[in-house]
DNA sequence: GCCCAGGTGGGTA
DNA sequence: TACCCACATGGG
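Residue numbers (the working numbering): 130 to 350.
Now the structure itself:
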């Protein structure tokens, strides 16, 4: 089967099984941006706690975060883990936004490639975080690659020659139509499936995505 | 107590 | 370029 058909077929099966995911879980573009940093190597349940702390302190805006000291930001986002490192990263993000007067619609109007390059130059924003911001906060058609994507598709026998972020992204973006809604839903569904991975390989019932589990098939639910 | 979660940056060979 | 490691909380 051609790669394009395989990817669309997997997407259909995921969508039929789980339905629309309504991603990203965030009320404003800025909340999405902050969430993209806070969720780095962290469970979303912990990120929610951090975001709620920021909301309660009226600190979930670029303006407030620029005024706050790094150690005070760190205290608020403590539940998300790596709080000192992430406080610095949030500072870098809001300082960058300040160069555009925190005008997110104005940002969104700029070209995707140029924006991506600038995001990657911000401390704490790597390719996955940059693409999450582009797709979920700025509505740009880029495919987000994460650990789940690599793990699931490798086990399905679909992977690029080189195991790099850019190669993975090309695999999806060259095989699918460039459609932000498709990219949005597809990535959200991948995470939904990935989160179901079985923790006990010995008792796997077909849901496990871990390396070494003999029973894995893309048996959903 | 142990494992892991929607990564990234910095240092070393 | 290709590895290592630090960064840290909370749920299963």
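Backbone N, C-alpha and C define an ideal beta-carbon position, used for all residues, glycine too.
Alpha carbon to alpha carbon, what distance is there between residue j and residue i?
i: residue 158; j: residue 164; result: 10 Å
i: residue 101; j: residue 290; result: As shown, the chain starts at 130 and ends at 350. That puts residue 101 outside it, with no answer to give.
i: residue 284; j: residue 219; result: 35 Å
i: residue 305; j: residue 136; result: 8 Å
i: residue 156; j: residue 138; result: 31 Å
i: residue 175; j: residue 146; result: 27 Å
i: residue 330; j: residue 170; result: Because the pLDDT of residue 330 is 48, which lies under 50, any placement of that residue in the model is unreliable, and the question is left without a value.
i: residue 215; j: residue 253; result: 8 Å
i: residue 192; j: residue 222; result: 11 Å
i: residue 294; j: residue 185; result: 36 Å
So what's residue i in DSSP terms, helix, strand or just coil?
i: residue 295; result: helix
i: residue 134; result: helix
i: residue 300; result: helix
i: residue 318; result: helix
i: residue 306; result: coil
i: residue 336; result: Any reading at residue 336 must be qualified, since the residue scores a pLDDT of 49, below 50, and its modelled position is unreliable; no value is offered.
The region 197 to 216 touching the region 230 to 249, judged by at least three CB pairs closer than 8 Å: Taking a cut-off of 8 Å on C-beta distances, the region 197 to 216 does not touch the region 230 to 249, as fewer than three cross pairs fall below it.
Where are the alpha helix (DSSP H) runs, 4 residues long or more, that stay fully inside the region 212 to 240, in chain order? Whole alpha helix (DSSP H) segments, 4+ residues: 212 to 227, 233 to 237.
To test your reading of the DSSP string, which unbroken alpha helix (DSSP H) runs of 4 or more residues are found completely within the region 138 to 220? If we require 4 residues or more, the alpha helix (DSSP H) runs fully inside the region 138 to 220 come out as 158 to 167, 173 to 185, 191 to 196, 199 to 205.
Three or more beta-carbon pairs under 8 Å between the region 302 to 315 and the region 262 to 278, yes or no? By the Cβ criterion, the region 302 to 315 is in contact with the region 262 to 278, since at least three pairs of Cβ atoms, one from each stretch, lie closer than 8 Å.
Stretch pair the region 165 to 184 + the region 205 to 215: three plus CB contacts closer than 8 Å: Contact holds between the region 165 to 184 and the region 205 to 215, because three or more Cβ pairs, one in each stretch, are under 8 Å apart.
Going residue by residue through the region 270 to 295, where are the continuous alpha helix (DSSP H) segments of at least 4 residues, counting only ones entirely within it? As far as the region 270 to 295 is concerned, its whole alpha helix (DSSP H) runs of at least 4 residues are 276 to 284.
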